Amino acid sequence: MKSRENSGNSTVIGLVIVVVVLLIGAGVWNYSRKPEVTIIEENPSFPSSSTTTPITETPTITPADVKNPPVGVLKYKDGTYSAVGNYVSPGGAESIDITLVIKDDNIIEATAVSKAERPQSKNFQNIFVKNFSPLVIGKKIDVVNLSRVSGSSLTPKGFNDAVIKIKAEAKA
Amino acid sequence: MIAPTFSFDAIGTHWQIEINDFLSEEERDSLLNKIKERIESFDKAYSRFREDSLVTEMSRNTGVYRLPVDADMLFSHYKKFYDVTDGRVTPLIGDVLSDAGYDAKYSLIQSKPLTAPLLWDDVLEYQYPNLIMKKTAMLDFGAGGKGYLIDIVASLLEKEGISTYCIDAGGDILTRGGQPLIIGLEDPNDSSKVIGKVALSNQSIAGSAGNRRVWGEFHHIIDPVTLQSPKHILGLWVIADTTILADLLATALFFISPEELSKQFDFEFMIVNPDYSVITSDGFSAELFSDA
Numbered sequence: 000m001k002s003r004e005n006s007g008n009s010t011v012i013g014l015v016i017v018v019v020v021l022l023i024g025a026g027v028w029n030y031s032r033k034p035e036v037t038i039i040e041e042n043p044s045f046p047s048s049s050t051t052t053p054i055t056e057t058p059t060i061t062p063a064d065v066k067n068p069p070v071g072v073l074k075y076k077d078g079t080y081s082a083v084g085n086y087v088s089p090g091g092a093e094s095i096d097i098t099l100v101i102k103d104d105n106i107i108e109a110t111a112v113s114k115a116e117r118p119q120s121k122n123f124q125n126i127f128v129k130n131f132s133p134l135v136i137g138k139k140i141d142v143v144n145l146s147r148v149s150g151s152s153l154t155p156k157g158f159n160d161a162v163i164k165i166k167a168e169a170k171a
Numbered sequence: 000m001i002a003p004t005f006s007f008d009a010i011g012t013h014w015q016i017e018i019n020d021f022l023s024e025e026e027r028d029s030l031l032n033k034i035k036e037r038i039e040s041f042d043k044a045y046s047r048f049r050e051d052s053l054v055t056e057m058s059r060n061t062g063v064y065r066l067p068v069d070a071d072m073l074f075s076h077y078k079k080f081y082d083v084t085d086g087r088v089t090p091l092i093g094d095v096l097s098d099a100g101y102d103a104k105y106s107l108i109q110s111k112p113l114t115a116p117l118l119w120d121d122v123l124e125y126q127y128p129n130l131i132m133k134k135t136a137m138l139d140f141g142a143g144g145k146g147y148l149i150d151i152v153a154s155l156l157e158k159e160g161i162s163t164y165c166i167d168a169g170g171d172i173l174t175r176g177g178q179p180l181i182i183g184l185e186d187p188n189d190s191s192k193v194i195g196k197v198a199l200s201n202q203s204i205a206g207s208a209g210n211r212r213v214w215g216e217f218h219h220i221i222d223p224v225t226l227q228s229p230k231h232i233l234g235l236w237v238i239a240d241t242t243i244l245a246d247l248l249a250t251a252l253f254f255i256s257p258e259e260l261s262k263q264f265d266f267e268f269m270i271v272n273p274d275y276s277v278i279t280s281d282g283f284s285a286e287l288f289s290d291a
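Going down the list, the sequences are from chains A and B.
Note that numbering that gives the first Met the number 0 has the first sequence beginning at 0, numbered continuously upward.
Note that numbering that gives the first Met the number 0 has the second sequence beginning at 0, numbered continuously upward.
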């Protein structure tokens, strides 16, 4: 079994993602438009790492609530946001372009363009760019011909009952 | 004569067993009883959610315990994963999960500050068929128990002479014989959607997602080192020759890179990152749906 990328590089991709997250964390991004700098940091859809990004406690119980917050409480304005991520590689300063399209507080499209100058950095960034997109999307189950579905939706009954109870209490 | 489908709830999840061999009604009823009894005896040994289980007893009293015959496969797998993952896949996570709120009463309220789980060698001395509990601890087999139980039910079917069947326990699936099954890969954020499909033939698939069984800041996996639930992976699937292996790997991949794990185990995988980008192994022949 080997990774589909050429040379054992999901670790590298992971590293690059961590680097990008670090960059975001350090606030070294310059937005071409002007949302709050925290936009990506707080967005639940963006890759985060428990070691680099403080995880804000979410009282949210189901992901559906995250995806469809009530009207009027969207954290972010819909739109296209571009940013240049600058970082210092072992060989010197490098940068990468990231563009995000945000709708209803979700990142619906993300693209990365390598701006690396050194061969090593180019290599790393290309691996990142290649795997950054395309992003998979969900299709309604009933339009796809399937024998079975695998996921973790069927959770223990006791657990689900408890969640329902807690939600009810939270509303009371 | 019929080719039956069994559909029932057990160990807190929904089971669907499709059998393609023909059985008489009598054979069918007797088989279903045997399956349910087998699942019950497994649950009675290994469920930390039951007052009357062996593991609940172990959490209260130290001493020498005689293990059921099926324990060897379970313990040897857990020990190997414990060693390979440096203790991050561990049955000793039970007390951590319980303290975090995932307890026998499903309180879902953290009862005390979390502390790292005890070490295997400090608590367990495993010499099949005996297990010495040197200290009391709540063992949790959530990472591999269900997968193993699917394998056990499969071998029960084989023993009854059944050769073509599929067992689906809450989305962890084993299939033997017949045409390959087309398995939908559920969108981790929306159970009415799938993000792709993959063919499964004479193997098992297990999935894990960080946004099911969510409470407070936790989900069903807690990292023994950080004492937090990992959030760097949205969901993942593993295909392997046995369901216990697929199931345990589906937890281990939250802690250890696929490259490291592939040095020790044969498997194919697909990981969905929080931005819906994916990483798959070469042999994970999924058709994925994307905008591009």
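Using N, Cα and C, we set each Cβ at its ideal position, and we do this for glycine too.
Given the structure is predicted, the values throughout are model-derived calculations rather than measurements.
Interface partners of residue i on chain B, CB under 7 Å
{"i": "A:S146", "result": "L180, I181 and I182"}
{"i": "A:T140", "result": "Per the sequence presented here, residue 140 of chain A reads as Ile, with Thr not at that position. What A:I140 touches in chain B: G183, S191, K192 and V193."}
Within-9 Å CB hit, residue i to chain A
{"i": "B:N201", "result": "no"}
{"i": "B:A205", "result": "yes"}
{"i": "B:E50", "result": "no"}
{"i": "B:P116", "result": "no"}
{"i": "B:N188", "result": "yes"}
{"i": "B:V95", "result": "no"}
{"i": "B:A208", "result": "yes"}
{"i": "B:D167", "result": "yes"}
{"i": "B:G234", "result": "yes"}
Same chain, Cβ closer than 6 Å to residue i, neighbours up to 5 away in sequence not counted
{"i": "B:W214", "result": "G100 and L107"}
{"i": "B:I172", "result": "I204"}
{"i": "B:Q109", "result": "A99 and G100"}
{"i": "B:G176", "result": "S162 and T163"}
{"i": "B:I243", "result": "H76, G143, G146, Y147 and D150"}
{"i": "B:A9", "result": "I38"}
Residue i burial status per 10 Å Cβ neighbour count (16 or more: buried)
{"i": "B:F7", "result": "exposed"}
{"i": "B:I114", "result": "The question names Ile, but residue 114 of chain B is Thr in the sequence shown. With fewer than 16 other Cβ atoms within 10 Å, it is exposed."}
{"i": "B:K111", "result": "exposed"}
{"i": "B:P179", "result": "exposed"}
{"i": "B:E17", "result": "buried"}
{"i": "B:L148", "result": "buried"}
{"i": "B:Y127", "result": "exposed"}
{"i": "B:T84", "result": "buried"}
{"i": "B:G234", "result": "buried"}
{"i": "A:S113", "result": "buried"}
{"i": "A:A92", "result": "exposed"}
{"i": "A:Q119", "result": "exposed"}
{"i": "B:K262", "result": "exposed"}
{"i": "B:R87", "result": "buried"}
{"i": "B:F217", "result": "buried"}
{"i": "B:S200", "result": "exposed"}
{"i": "A:G90", "result": "exposed"}
{"i": "B:N188", "result": "buried"}
{"i": "B:S97", "result": "buried"}
Under 8 Å by beta carbon: chain B residues contacting residue i
{"i": "A:I136", "result": "I194, Y275, F288, S289 and D290"}
Residue i at chain B interface by Cβ criterion, 9 Å
{"i": "A:G173", "result": "In the structure as shown, chain A starts at 0 and stops at 171, and residue 173 of chain A therefore has no counterpart that could be examined."}
{"i": "A:V143", "result": "yes"}
{"i": "A:G84", "result": "no"}
{"i": "A:S149", "result": "yes"}
{"i": "A:S152", "result": "Because the pLDDT at A:S152 is just 45, under 50, the model does not fix this residue reliably, and the value given afterwards should be weighed accordingly. Yes - at least one Cβ of chain B is within 9 Å of the one on A:S152."}
{"i": "A:S49", "result": "At A:S49, the pLDDT of 31 sits below 50, so the modelled position is not reliable and the matter cannot be decided from this model."}
Beta-carbon contacts of residue i that lie in its chain and below 7 Å, excluding the five residues immediately before and after
{"i": "B:V197", "result": "I182, L184, F283, S284 and A285"}
{"i": "B:D186", "result": "K192, V193 and I194"}
{"i": "B:Y77", "result": "P90 and G143"}
{"i": "B:L301", "result": "With chain B covering 0 to 291 only, the question about residue 301 of chain B has no answer from this structure."}
{"i": "B:H13", "result": "G169"}
Close beta carbons around residue i, own chain, < 8 Å, minus the five adjacent residues each side
{"i": "B:D33", "result": "One detail in the question is off: residue 33 of chain B reads as Lys in this sequence, not Asp. So the list reads L155 and E159, once near-sequence residues are dropped."}
{"i": "B:R27", "result": "I1 and P3"}
{"i": "B:L248", "result": "A205, V237, A239, L260, F264, F266 and F268"}
{"i": "B:E24", "result": "I1"}
{"i": "B:R49", "result": "D42, K43, T55 and A103"}
{"i": "B:P229", "result": "G209, I220, D222, F253 and F254"}
Proximal residues of chain A, C-beta to C-beta of residue i below 8 Å
{"i": "B:I172", "result": "R147 and S149"}
9 Å Cβ cut-off: residues of chain A touching residue i
{"i": "B:L271", "result": "Reading off the sequence shown, one finds Val at residue 271 of chain B, where the question assumed Leu. Result: V135."}
Let me know the alpha helix (DSSP H) ranges lying completely inside the segment 107-161 of chain B, each 4 residues or longer, listed in chain order.
-> Taking only runs of at least 4 residues, the alpha helix (DSSP H) segments lying wholly in the segment 107-161 of chain B are 119-122 and 144-158.
Completely contained beta strand (DSSP E) runs for the segment 165-226 of chain B, where each covers 3 or more residues | Entirely contained in the segment 165-226 of chain B, the beta strand (DSSP E) runs reaching 3 residues are, in chain order, 171-175, 180-186, 189-199 and 203-208.
Entirely enclosed beta strand (DSSP E) segments - the segment 219-276 of chain B, minimum 3 residues = The segment 219-276 of chain B contains these whole beta strand (DSSP E) runs: 234-239 and 267-271.
Could you name each continuous alpha helix (DSSP H) segment of 4 residues or more that falls completely within the segment 0-56 of chain B, going from the start of the chain to the end?
-> If one requires a minimum length of 4 residues, the alpha helix (DSSP H) runs lying completely within the segment 0-56 of chain B are 24-45, in chain order.
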